[in-house]
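Participant:
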Amino acid sequence: MALHEYIHRKISKSIDEAKPYYQVIVITGPRQVGKTTLCRHHFEGYNYYNLEDASFREIVSVDPKRFIAECGEKTIIDEAQHLPELFSYIQLAVDNDSSRHFVLTGSSNISLLENVTQSLAGRAALFTLLPFALDELGDYGDKTGTDTMLLRGMYPGVIVKGTPHELFFRNYYTTYVERDVRQIKSIENLAAFQTFVKLVAGRVGSEFNASAISAEVGISSPTAKAWLGILQTSYIAFQMQPYYANINKRLAKMPKIYFYDTGLLCFLLGITTDEELATHPLRGSIFENFAVVELLKARFNDGKDNNLYFYRENSGREVDIIQTSGVGLNLFEIKSSMTFNRDFMRNINYLKELFGDKVKSARVVYDGESVPPTVINIRRLP
2 MALHEYIHRK
12 ISKSIDEAKP
22 YYQVIVITGP
32 RQVGKTTLCR
42 HHFEGYNYYN
52 LEDASFREIV
62 SVDPKRFIAE
72 CGEKTIIDEA
82 QHLPELFSYI
92 QLAVDNDSSR
102 HFVLTGSSNI
112 SLLENVTQSL
122 AGRAALFTLL
132 PFALDELGDY
142 GDKTGTDTML
152 LRGMYPGVIV
162 KGTPHELFFR
172 NYYTTYVERD
182 VRQIKSIENL
192 AAFQTFVKLV
202 AGRVGSEFNA
212 SAISAEVGIS
222 SPTAKAWLGI
232 LQTSYIAFQM
242 QPYYANINKR
252 LAKMPKIYFY
262 DTGLLCFLLG
272 ITTDEELATH
282 PLRGSIFENF
292 AVVELLKARF
302 NDGKDNNLYF
312 YRENSGREVD
322 IIQTSGVGLN
332 LFEIKSSMTF
342 NRDFMRNINY
352 LKELFGDKVK
362 SARVVYDGES
372 VPPTVINIRR
382 LP
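In the numbering used here, the protein residues as written are 2 to 383.
1. What residues in its chain sit with their C-beta under 6 Å from that of Y367, if we drop five residues either side in the sequence?
2. Would DSSP call Q33 helix, strand or coil?
3. If distances are taken between C-alpha atoms only, which option among G158, F197 and G203 comes closest to L229?
4. Taking the alpha-carbon of T147 as reference, which of R183, L127 and L278 has the nearest alpha-carbon?
5. Grab me the residues of S15's own chain with a C-beta within less than 7 Å of its C-beta, minus the 5 sequence neighbours each way, in chain order.
6. Among all the DSSP beta bridges, which residues are the ones paired with M241?
7. With distances taken between CB atoms, is the gap from L252 to R313 smaller than 8 Å?
8. With 16 other CB atoms within 10 Å as the buried threshold, where does I379 fall?
9. For the alpha helix (DSSP H) containing D148, list its first residue and its last residue.
10. Are the Cβ atoms of L152 and D275 separated by less than 8 Å?
11. Have a look at Q33, E295 and F311 and flag the residue whose alpha-carbon is nearest the alpha-carbon of M150.
12. Could you tell me whether the Cβ atoms of P31 and Y261 are closer together than 8 Å?
13. Mind checking who Q324 pairs with in its DSSP beta bridge?
14. State the DSSP-derived secondary structure class of F341, mapped to helix, strand or coil.
15. Taking DSSP as the reference, what is the three-state secondary structure of K353?
16. Based on the DSSP secondary-structure assignment, which residues constitute the bridge partners of K75?
17. For A1, which residues of its own chain have a beta-carbon under 6 Å away from its beta-carbon, when the five flanking residues on both sides are left out?
18. Provide the residue span of the beta strand (DSSP E) that contains A363, from first to last.
19. What are the partner residues of T129, as DSSP defines its beta bridges?
20. Roughly how many angstroms lie between the CA atoms of V25 and F103, to the nearest whole one?
21. Look at the Cβ atom of G46, then the Cβ atom of K11, and state whether they are nearer than 8 Å.
22. Please return the same chain residues whose Cβ sits closer than 6 Å to the Cβ of L232, not counting the five positions on each side in sequence.
23. Please confirm if S235 has its CB atom under 8 Å from at least one CB of chain B.
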């Protein structure tokens, strides 16, 4: 089933709240998550330019100062990281003329944001757009089976256009390796890099041990860390940091690894059908990944930074998510089961006793229909 109308993105509200105060709006995020579509719908009347077009990019690069001077009072520049020399001219334009407004998008967070912080510090509002959140899809998300939901992921190309998920992610990944990786960093052994990516996928929801994975791939530990940086720069994967507290416990220090979309994750794991996913040994971790990203999307859609951590003692006791806030901590334990078991609350209750009044809520995220006060169905996050 495909949806054909424009799906309103919840991040639009946060962008609207920032527009009166900033002349530059920066929207970053993975490729093909709808940044261009969002800009076209949300910034009507803006002139649109796409620097992904190599021939147009070459024309602009000849005289970037003139381009910024003549591009229009209100301008969208897609994939702006391709021409970093534009940023200093944008700075001058907004400093000299309060009527000038720019929307910049990019799918490489490091190269884009480095230029923003260097040239547009204090002048730009930054936002991260991820694939669809469940609460953006309404009934369509509710009516989709859980395994189908995890397998297809949340990219607009699969949901809106109806592209078969395996076809979409095969082309997405091939393009990523052949184009984006080469632009971010020159990698001589792409076969080893692809092996690395699939091994990282196999460790989803687990701590990232650079030494262990480098030994399997046959690369150095610094190279493994650098390659993980590539996955983060291009919005393929991200790390969740451990939560540290002033308590007398030995706590885990290595971050855990997650992917921005479970559809791509399933593709990398070689999972192609609901039936394969239902019996896959990593199904629980994939379910956990989905829940983590839903909470992350909620933060980004509100124009806020990541506030998710995990808790793990060296003894093995852990809680999947600690969400920090100004008023305290929200705890989440994630279980892929459709049946609630009181044992699911054991580690959460332990942390409630450990942290006392700092804990403001504690819930189990699972796949069941009945929702007691301390339990939430994954479709009702956040």
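Where is the CB? At the ideal position from N, CA and C, for every residue including glycine.
Facilitator: If we stick to the structure as given:
1. Start at 1 with the first residue of the sequence shown, and residue 367 comes out as number 366. Here the set comprises K336 and S338.
2. Taking the first residue of the sequence shown as 1, we reach residue 33 at position 32. Three-state DSSP puts Q33 in coil, outside helix and strand.
3. For the purposes of this step, residue 229 is taken as residue 228 along the sequence shown, with counting starting at 1. Cα-wise, what sits closest to L229 is F197.
4. For the purposes of this step, residue 147 is taken as the residue at position 146 of the sequence shown. Minimum Cα distance to T147 is reached at L278.
5. Working through the sequence shown from its first residue, we reach residue 15 at position 14. Answer for S15: F128, N302, D303 and G304, listed in chain order.
6. The residue labelled residue 241 in the question sits at position 240 within the sequence shown. Looking at the DSSP assignment, M241 forms a beta bridge with K257.
7. Taking the sequence shown and counting its residues from 1, the one referred to as residue 252 is at position 251. Taking the sequence shown and counting its residues from 1, the one referred to as residue 313 is at position 312. Yes, the pair counts as a contact, with Cβ atoms nearer than the cut-off.
8. Residue 379 sits at position 378 when you count from the first residue of the sequence shown. Buried.
9. For the purposes of this step, residue 148 is taken as the residue at position 147 of the sequence shown. Counting along the chain, the alpha helix (DSSP H) containing D148 begins and ends at T147 to R153.
10. On the sequence shown, position 151 is the one that residue 152 refers to. On the sequence shown, position 274 is the one that residue 275 refers to. A contact, by the Cβ cut-off of 8 Å.
11. If you number the sequence shown from 1, residue 150 lands on position 149. Answer by Cα proximity: E295.
12. Walking along the sequence shown from the start, residue 31 turns up at place 30. Walking along the sequence shown from the start, residue 261 turns up at place 260. Contact: yes.
13. Counting from 1 along the sequence shown, the entry for residue 324 is found at position 323. Answer is L309 and N331, bridged to Q324.
14. Counting from one through the sequence shown, the residue named residue 341 turns up at place 340. Coil, per DSSP.
15. Stepping through the sequence shown from its first residue, residue 353 is reached at position 352. If DSSP states are grouped into helix, strand and coil, K353 belongs with the helices.
16. Here residue 75 corresponds to residue number 74 of the sequence shown, with the count starting at 1. Answer is H102.
17. Here the chain has residues from 2 to 383 only, and residue 1 is not among them.
18. Your numbering for residue 363 matches position 362 in the sequence shown. That run of the beta strand (DSSP E) goes V360 to Y367.
19. Position 128 of the sequence shown, counted from the first residue, corresponds to residue 129. Bridge partners of T129: T29.
20. Within the sequence shown, numbered from 1, the residue matching residue 25 stands at position 24. Within the sequence shown, numbered from 1, the residue matching residue 103 stands at position 102. So the alpha carbons of these two residues sit roughly 5 Å apart.
21. The count along the sequence shown starts at 1 and reaches residue 46 at position 45. The count along the sequence shown starts at 1 and reaches residue 11 at position 10. No, they are not a contact pair.
22. Here residue 232 refers to the residue found at position 231 when the sequence shown is read from its first residue. Only A238 meet the Cβ criterion.
23. Absent from the structure is chain B; it holds one protein chain and no more.
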